[in-house]
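Down below is the structure, laid out as structure tokens.
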Amino acid sequence: MAPNESKESGVEVGPECVDLLEKDFSLGLKPQVVKAKQYEAEARKRRGDGRWGVVKQILAAAFASVSSVSIGFITAYSSLTLPQLRNDTTVDYVDARDAGWIASLPSISSILGSLVGGFAMDALGPRMTLVLTALPCLLSWSFIAFANSIALIYVGRFITGIFLGIFSPVPQVYATEIAEPRIRGLMGAFPEAAVALGSLLCYAFGSVMDWRWLAVTSALVPGIPLFISMLVLPESPQWLTKKAKLDEAEKSLRFFRSRSHNVKAEVDAIYTNIMESDGAELSIWEQVKLFKKPQNWKPVLVVFLVFMCGQFSGFAVVTAYTVDIFNAAGTNADADLATVIVGTVRFFSTLVSAVLLDRTGRKILLIISAIGSSVGMVSIGAFFYLKNAGSAEGLGMLPLVSLLIYVFFNELGYGPIPWLLSGELIPLAVRTIGNGVAVTAYSLFAFIIGLTFPLLTDLMNAYVVFWLYALFSLSGVLLGIYLPETRGKTLEEIGQFFKPKSEIEKPLKKNPYP
Numbered sequence: 004m005a006p007n008e009s010k011e012s013g014v015e016v017g018p019e020c021v022d023l024l025e026k027d028f029s030l031g032l033k034p035q036v037v038k039a040k041q042y043e044a045e046a047r048k049r050r051g052d053g054r055w056g057v058v059k060q061i062l063a064a065a066f067a068s069v070s071s072v073s074i075g076f077i078t079a080y081s082s083l084t085l086p087q088l089r090n091d092t093t094v095d096y097v098d099a100r101d102a103g104w105i106a107s108l109p110s111i112s113s114i115l116g117s118l119v120g121g122f123a124m125d126a127l128g129p130r131m132t133l134v135l136t137a138l139p140c141l142l143s144w145s146f147i148a149f150a151n152s153i154a155l156i157y158v159g160r161f162i163t164g165i166f167l168g169i170f171s172p173v174p175q176v177y178a179t180e181i182a183e184p185r186i187r188g189l190m191g192a193f194p195e196a197a198v199a200l201g202s203l204l205c206y207a208f209g210s211v212m213d214w215r216w217l218a219v220t221s222a223l224v225p226g227i228p229l230f231i232s233m234l235v236l237p238e239s240p241q242w243l244t245k246k247a248k249l250d251e252a253e254k255s256l257r258f259f260r261s262r263s264h265n266v267k268a269e270v271d272a273i274y275t276n277i278m279e280s281d282g283a284e285l286s287i288w289e290q291v292k293l294f295k296k297p298q299n300w301k302p303v304l305v306v307f308l309v310f311m312c313g314q315f316s317g318f319a320v321v322t323a324y325t326v327d328i329f330n331a332a333g334t335n336a337d338a339d340l341a342t343v344i345v346g347t348v349r350f351f352s353t354l355v356s357a358v359l360l361d362r363t364g365r366k367i368l369l370i371i372s373a374i375g376s377s378v379g380m381v382s383i384g385a386f387f388y389l390k391n392a393g394s395a396e397g398l399g400m401l402p403l404v405s406l407l408i409y410v411f412f413n414e415l416g417y418g419p420i421p422w423l424l425s426g427e428l429i430p431l432a433v434r435t436i437g438n439g440v441a442v443t444a445y446s447l448f449a450f451i452i453g454l455t456f457p458l459l460t461d462l463m464n465a466y467v468v469f470w471l472y473a474l475f476s477l478s479g480v481l482l483g484i485y486l487p488e489t490r491g492k493t494l495e496e497i498g499q500f501f502k503p504k505s506e507i508e509k510p511l512k513k514n515p516y517p
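Here the sequence shown stands for residues 4 to 517, numbered as in the numbering used here.
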């Protein structure tokens, strides 16, 4: 077959697109994972084609996101459990000593999980990583369910946090790598919507069962469907190409694309620019050395800052201490019911975000999210200020309304956008380390916020703490202004944002393959 011709569709794809299946990788040459412009130009002409392919992409991303439902259970579990543990005599729980650690331990152990997950995803692929970790995550909840001491609860929370770190980037990477550019925002929002769904289910189940049965439910509800669904899905075509499993990469693409799609052209176009090693099969040390290039460290820094703004806006506090916040407000609202309402609004907001991300773009949603989250935190802080002043009479619904405003706007942008950007901005060449940095940032900031909230409210008035979160939330406005817009852009086009002009203008090196 000629290099510029496809047997499947007869579409001319340009001289840069060569038949990878005819290439010999025994010489040490490493396959790349970058899309060529010829394929992208062809893809834009088929906007109305391949609806069934789009449906399969969406379903696959949804199934992969079941792992994020598990994350929702892990992060929301303490909100329902802490009030129950205060009245449980079967474990040696002390509120002042244990509350902050039970709420925040998964965040700190998820840093270890992110390192494990990064290496596993690189070695095994996103899909196989989820298959192999689904059942161990399910079993890890048994430490909590059958705990007879606070130490075992600590162990259980620590281990589930490891899986939180493993699961966090995987569905995002999988969705990004199988998606066409026109629906990448929609599919990239699925994992955050699944986290919100998991939190909502945890709130709902926790309102009618005790903390031990809630641990069992937290294991079974997401764990079993995740394991079964990922068994039947194909691996990421990008990862397969990176590993030189080119026949399997074509099979994977045939599953995710329409019948008329030029699969061979896309596989041929998945690699280019071999001499620059962008996306090559690299060791960790080689990836570290690549961080000297601005196109590699700048996107990681951007993702790091977006995670920082989102977490320091106080979201970990809202998910881990929702019931406690309502109890501290001393209103007539039922704390468990209010928590379910908050979870429902959070899930609804993620659906709205999924619809808007490919319409309005990432920048405007991040700015709106930063402002709206700040308004919500200022409002709840105002309630506690008025309560301290003895002027909160008749404002019993203000804490609930304030939290609903905060959660809605936070999930509109701060929730899905950092994870979406981690899949879009971080180059494949440094993705193992880059995603590790991103998840570490998310986990570390969540740990700091979750652990310090009880300490801060003991040291100062609660309204001051909430206003500090509001101030951090506003910092996202400035970040949103300078954030590159990725809506509708191919992964190759996004990579151009951070390259020096001299490299952008420099002609591509000649393809080394004959």
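Note that beta-carbon positions come from the ideal geometry of N, C-alpha and C, so glycine has one too.
Closest residue to Gly-479 among Pro-487, Leu-369 and Leu-406 (Cα-Cα distance)
On the sequence shown, residue 479 is found 476 positions in, with the first residue counted as 1. With distances taken between Cα atoms, Gly-479 lies closest to Leu-369.
Range covered by the alpha helix (DSSP H) that runs through Tyr-324
Within the sequence shown, numbered from 1, the residue matching residue 324 stands at position 321. No alpha helix (DSSP H) contains Tyr-324, which DSSP labels as neither H nor E.
Once you ignore the five residues that flank Val-306 on each side, which residues in its own chain have a CB closer than 7 Å to its CB?
Residue numbering aside, residue 306 sits at position 303 when the sequence shown is read from its first letter. Contacts found: Pro-421, Leu-424, Ser-425, Leu-428, Ile-429 and Ala-441.
Tell whether a beta-carbon distance below 8 Å holds between Ser-316 and Tyr-417.
Stepping through the sequence shown from its first residue, residue 316 is reached at position 313. Stepping through the sequence shown from its first residue, residue 417 is reached at position 414. Yes, they are a contact pair.
Whole-angstrom C-beta distance between Pro-194 and Ser-71, which should lie under 8 Å:
The residue given as residue 71 occupies position 68 in the sequence shown. The residue given as residue 194 occupies position 191 in the sequence shown. About 4 Å separates the two Cβ atoms, so the contact holds.
With a Cβ-Cβ cutoff of 8 Å, do Asp-181 and Val-94 count as a contact?
As a position in the sequence shown, residue 181 is number 178, starting the count at 1. As a position in the sequence shown, residue 94 is number 91, starting the count at 1. For clarity, residue 181 is Ile in the given sequence; the question names Asp instead. No, these two residues do not count as a Cβ contact at 8 Å.
Alpha carbons only, please: which of Pro-402, Ala-199, Pro-184 and Leu-243 is nearest the one belonging to Leu-127?
If you number the sequence shown from 1, residue 127 lands on position 124. When only C-alpha atoms are compared, the closest one is Leu-243.
Can you tell me the Cα-Cα spacing of Gly-437 and Gly-120, whole angstroms?
What you label residue 437 is simply residue 434 of the sequence shown in a count that begins at 1. What you label residue 120 is simply residue 117 of the sequence shown in a count that begins at 1. About 12 Å.
Residue of Gln-87, Pro-86 and Trp-104 minimising C-alpha distance to Leu-454
For the purposes of this step, residue 454 is taken as the residue at position 451 of the sequence shown. Among Gln-87, Pro-86 and Trp-104, the Cα nearest to that of Leu-454 belongs to Trp-104.
Val-303 to Phe-294, Cα distance in whole Å?
Within the sequence shown, numbered from 1, the residue matching residue 303 stands at position 300. Within the sequence shown, numbered from 1, the residue matching residue 294 stands at position 291. Taking the straight line joining both Cα atoms gives about 9 Å.
Any idea what DSSP makes of Lys-26, helix, strand or coil?
To locate residue 26, count along the sequence shown from 1; it is residue 23. With a pLDDT of 43 at Lys-26, under the threshold of 50, the modelled position of this residue cannot be trusted, and the question is left open.
In whole angstroms, what separates the C-alpha of Ala-357 from that of Asp-461?
Taking the first residue of the sequence shown as position 1, residue 357 is located at position 354. Taking the first residue of the sequence shown as position 1, residue 461 is located at position 458. Whole-angstrom Cα-Cα distance: 38 Å.
Name the residue from Ala-197, Phe-387, Val-348 and Gly-226 whose alpha carbon lies nearest to the alpha carbon of Phe-411.
For this step, residue 411 is matched to residue 408 along the sequence shown. Of the candidates Ala-197, Phe-387, Val-348 and Gly-226, the one whose C-alpha sits nearest the C-alpha of Phe-411 is Val-348.
Coarse secondary structure for Gln-41, derived from DSSP in three states:
As a first step, residue 41 must be located in the sequence shown, where it is residue number 38. In this prediction, Gln-41 scores a pLDDT of 47, lower than 50, which makes its location untrustworthy; the coordinate-derived value is nonetheless stated afterwards. Three-state DSSP puts Gln-41 in a helix.
Rounded distance between the beta-carbons of Phe-350 and Ala-178, thought under 8 Å:
Stepping through the sequence shown from its first residue, residue 178 is reached at position 175. Stepping through the sequence shown from its first residue, residue 350 is reached at position 347. For Ala-178 against Phe-350, the beta-carbon gap comes to about 18 Å, at or over 8 Å, which does not count as contact.
Selection from Ile-344, Phe-456 and Pro-184 that minimises the alpha carbon distance to Gln-314
As a working mapping, residue 314 is identified with position 311 in the sequence shown. Ranking the options by Cα distance to Gln-314, first place goes to Phe-456.
Anyone know if the C-beta pair for Phe-122 and Met-233 falls short of 8 Å?
Taking the sequence shown and counting its residues from 1, the one referred to as residue 122 is at position 119. Taking the sequence shown and counting its residues from 1, the one referred to as residue 233 is at position 230. With respect to the 8 Å criterion, Phe-122 and Met-233 are not classified as neighbours on the basis of their beta carbons.
Taking the continuous alpha helix (DSSP H) assigned at Glu-414, which residues delimit it?
Mapped onto the sequence shown, residue 414 falls at position 411. Note, Glu-414: alpha helix (DSSP H), 401-415.
For Tyr-485, does the count of other Cβ atoms within 10 angstroms reach 16, so buried, or fall short, so exposed?
Translated into positions along the sequence shown, residue 485 becomes position 482. Exposed, by the Cβ-count rule.
Nearest CA to the CA of Gly-159: which residue from Asn-151, Ile-169 and Ser-145?
Within the sequence shown, the letter at position 156 stands for residue 159. With distances taken between Cα atoms, Gly-159 lies closest to Ser-145.
What span of residues does the alpha helix (DSSP H) with Thr-353 cover, start to end?
Mapped onto the sequence shown, residue 353 falls at position 350. Counting along the chain, the alpha helix (DSSP H) containing Thr-353 begins and ends at 338-359.
Can you list, in chain order, the residues of its chain with a C-beta nearer than 6 Å to that of Asn-330? Leave out the 5 residues immediately preceding and following it.
Along the sequence shown, one-based indexing puts residue 330 at 327. Ala-338, listed in sequence order.
What does the alpha-carbon distance come out to for the pair Phe-208 and Val-291?
Counting from one through the sequence shown, the residue named residue 208 turns up at place 205. Counting from one through the sequence shown, the residue named residue 291 turns up at place 288. Going from the Cα of Phe-208 to the Cα of Val-291 covers about 44 Å.
Assumed close pair Thr-342, Ser-82 - CB separation to whole angstroms, cut-off 8 Å:
Reading the sequence shown from its first residue, position 339 is the one you call residue 342. Reading the sequence shown from its first residue, position 79 is the one you call residue 82. Rounded, the Cβ-Cβ distance is 6 Å, consistent with contact.
Of all the options Trp-470, Ala-106, Ser-261 and Val-69, which has the alpha carbon lying nearest to the alpha carbon of Ile-231?
For the purposes of this step, residue 231 is taken as the residue at position 228 of the sequence shown. The candidate whose alpha carbon is nearest that of Ile-231 is Val-69.
Given a cut-off of 8 Å on the beta-carbon distance, is the pair Leu-236 and Arg-130 in contact?
Numbered from 1 along the sequence shown, position 233 holds the residue referred to as residue 236. Numbered from 1 along the sequence shown, position 127 holds the residue referred to as residue 130. Their beta carbons are under 8 Å apart, which means Leu-236 touches Arg-130 by this criterion.
Tell me which residues share the same chain as Tyr-157 and place their Cβ nearer than 7 Å to its Cβ, disregarding the 5 neighbours each side in the sequence.
Translated into positions along the sequence shown, residue 157 becomes position 154. Contacts found: Trp-104 and Leu-108.
Thinking C-beta only, is Cys-205 closer than 8 Å to Phe-318?
For this step, residue 318 is matched to residue 315 along the sequence shown. For this step, residue 205 is matched to residue 202 along the sequence shown. Cβ atoms of Phe-318 and Cys-205: not closer than 8 Å.
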